Ligand code: NAP
C-alpha cells in the first residue's frame, strides 16, 4: 500500500517504490510513502490561489465553526488513530492519547476561543495615532491574515498533535495549510487529513499533505507564506538558512530540540511530598511515549547531598515498569519509533556514559517483553548520574530522544542556575520546592532562557498539568537551542499567520477598516 499525497485538490500517489513505514515492535512493513514526481510548487500555488481566498471570504467566527466540525470528525475516527499509532509507533493507549486526544483538545479549544474574534476580517492594534494638528490625518495599526500558505514541516513524535496545534491557529486566521509530516509516522497525519477532506468541511485548496521527502519544497515558498518547523536543531538550521527562505524573508517559526530540566529544591528532602512528586514526574517523562517528547525531562538537577537517594527512588520506580510489546497489557513502556532512532539513542547514551554512572538500565542487549530484540526498536529506560555539574561535557548538549535522563548535582542556587542555563535555551524547566525565595531566585535566573517554567509546591501537589504537557492556553516554544519559536498561548498564536501594517489617512477611512476589525487586545485577554 502506498499512501497518496493530497495536493492541488487531488489524491496523488508519489512515483517510485517509496519509503517503508514500519511497525517498531515487529519490524514489519505497514505502508509506503513517496513525494517523488509531485508538483510541489503547483501544490503551494494551488493553496494560495484557491484555499486562501476561499477561507478568507469567511470571518473568524465562521472559521472557528470549521474547526469545531474538524474536531467532530477527528473525534469520530479516534479509534482508528489509536490503531495506527499502535501499529506505526508502538504507542500504547496513554502514548496515543497524549498525541491524538491532545490534538483533538487543541482543535476544540481554538474552535471555542476563536468565536471571540466574531464576524471580523482583520485585527486592529492599539488606537488611532493623530498625525496632523487638525486631526484630519491619523495612523492606525492593523494585522491582516497572510495571503500565502502556511507550510508545516513536522517531527515524527507528534503526528497528530503537531499537525493540529499548528492547523488550528492557521485555519482560524484563514490561511491554507500544507503539511509535510515526518516520514517515519506520516500515516497518522495522512489519515487525519483524509478524514477531514472526505468530510468536505474545508474549501478546496485549504489543506494539503505531502508524505515523504520535502524535496524542493523550500525553493517554492514566497514572501506571503510562512513556515512552521518542528524537529531537530540541525534540520532547523538548514531551513532557517535556506537561500530562498532568506532571500524572500519568509517568516519561519522553529520548535527544535531541548535539554529540559527538572529541579529539586534544597528544601525538598527525601521523604517529603515534593521529593516524591519530582520522582513521579521524572519517571512519567522518561517513559510516556518512550521519552520521545521534545519537552521531556533530560536533566534532573538535584542538591548534591540528595543525589544517591533521588537516584535510588527513580531507579526503583523504573524497575517496576515492564517494557515491551504494547499489545501485552502488562507493558507500560513501548519502543522508540524505528531502528534509526534506536541507534541514535544508543549513540547518545554512549556519549553520556563517558561522564555519567549508570543507575538503571543502559543495557544494549536488553530483552523487551513479547518482542524480538533484533527486529524491534526498544531502548531500555536508562537513568544516569553525572559526576560533574556545570562543567559536564555531554549531559547539557546531547539530547537522547528516548527513555533516558541524567541526574546532575548542584551545590548552590547560583550553581543550579548556571547548570539550567547551560542547556542554552530550553522549552521547559520544572521547579519542585516549597521555598518561595529559592523559587523566585531560580525563576529570575532562568526565565529568559526557558519558554515555560512549571512550579510545583505542596499547595499544587499532583494537580499540576505536567512537565511535558503543552497546554494550548499557554506558550509553547523556547529560546536558543529550542529554536526561538513561539506557538499556542491561546489567541496569540494567530499573530504568526497575520502581518502587521499601519494605515495613515483620514480618520473616516481608518474607521471603515476598524469596523471590520477585531481589537487585537482580545488576543491577550
Ligand atoms: P528531523 O529529523 O529534524 O525532521 C523534522 C522534519 O524535517 C521531518 O518532517 C523531516 O522530513 C523534515 N526535513 C528533514 N530534512 C529536511 C530538509 N532538508 N528540508 C525540509 N524538511 C526537512 O526531526 P525528527 O527526528 O522528526 O524529530 C525529532 C526531533 O524533533 C527531536 O530533536 C525533538 O526534540 C524535536 N521536537 C521538537 C518539538 C518542539 O515543539 N520543540 C516537538 C517535537 C519534536 P523527513 O522525516 O522526511 O526526513
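Numbering (the numbering used here), first residue to last: 5 to 529.
Every residue, glycine too, gets a C-beta built ideally from N, C-alpha and C.
Source: prediction; values computed, not measured.
Going by DSSP in three states, residue i sits in which element: helix, strand or coil?
| i | result |
| --- | --- |
| residue 246 | coil |
| residue 146 | strand |
| residue 184 | strand |
| residue 167 | helix |
| residue 236 | coil |
| residue 424 | helix |
| residue 25 | strand |
| residue 74 | helix |
| residue 346 | helix |
| residue 395 | coil |
| residue 227 | coil |
Can you tell which of the options has the C-alpha that lies nearest to the C-alpha of residue i?
| i | options | result |
| --- | --- | --- |
| residue 332 | 354, 355, 374, 519 | 374 |
| residue 30 | 94, 347, 388 | 94 |
| residue 496 | 147, 437, 260, 429 | 147 |
| residue 203 | 444, 80, 402, 518 | 80 |
| residue 378 | 281, 347, 73, 396 | 347 |
| residue 300 | 482, 292, 307 | 292 |
| residue 46 | 115, 11, 71 | 11 |
| residue 62 | 206, 117, 272, 306 | 206 |
| residue 460 | 282, 249, 253 | 282 |
| residue 503 | 229, 212, 266, 96 | 229 |
| residue 111 | 341, 182, 343, 67 | 67 |
| residue 193 | 316, 438, 159 | 159 |
| residue 263 | 15, 443, 406 | 406 |
| residue 401 | 434, 303, 433 | 303 |
Around the C-beta of residue i, are 16 or more other C-beta atoms found within 10 angstroms, so that it is buried, or is it exposed?
| i | result |
| --- | --- |
| residue 462 | exposed |
| residue 505 | exposed |
| residue 238 | exposed |
| residue 467 | exposed |
| residue 366 | buried |
| residue 161 | buried |
| residue 42 | buried |
| residue 321 | buried |
| residue 275 | exposed |
| residue 241 | exposed |
Taking the alpha-carbon positions, what's the residue i to residue j distance?
| i | j | result |
| --- | --- | --- |
| residue 371 | residue 165 | 31 angstroms |
| residue 126 | residue 231 | 21 angstroms |
| residue 22 | residue 39 | 8 angstroms |
| residue 210 | residue 526 | 26 angstroms |
| residue 456 | residue 465 | 19 angstroms |
| residue 488 | residue 499 | 16 angstroms |
| residue 334 | residue 326 | 7 angstroms |
| residue 473 | residue 180 | 27 angstroms |
| residue 233 | residue 257 | 6 angstroms |
| residue 133 | residue 509 | 10 angstroms |
| residue 217 | residue 454 | 32 angstroms |
| residue 477 | residue 138 | 43 angstroms |
| residue 174 | residue 501 | 6 angstroms |
| residue 53 | residue 306 | 55 angstroms |
| residue 284 | residue 117 | 33 angstroms |
| residue 255 | residue 309 | 47 angstroms |
| residue 37 | residue 248 | 26 angstroms |
Can you give me the start and stop residues for the alpha helix (DSSP H) that residue i sits inside?
| i | result |
| --- | --- |
| residue 33 | Here residue 33 belongs to no alpha helix (DSSP H); instead the beta strand (DSSP E) covers 33-37. |
| residue 109 | 97-117 |
| residue 90 | 82-93 |
| residue 450 | 440-450 |
| residue 318 | 311-323 |
| residue 287 | 277-291 |
| residue 57 | 56-61 |
Provide the residue span of the beta strand (DSSP E) that contains residue i, from first to last.
| i | result |
| --- | --- |
| residue 390 | 386-390 |
| residue 520 | Unbroken run through residue 520: none, as it is neither H nor E. |
| residue 157 | 154-157 |
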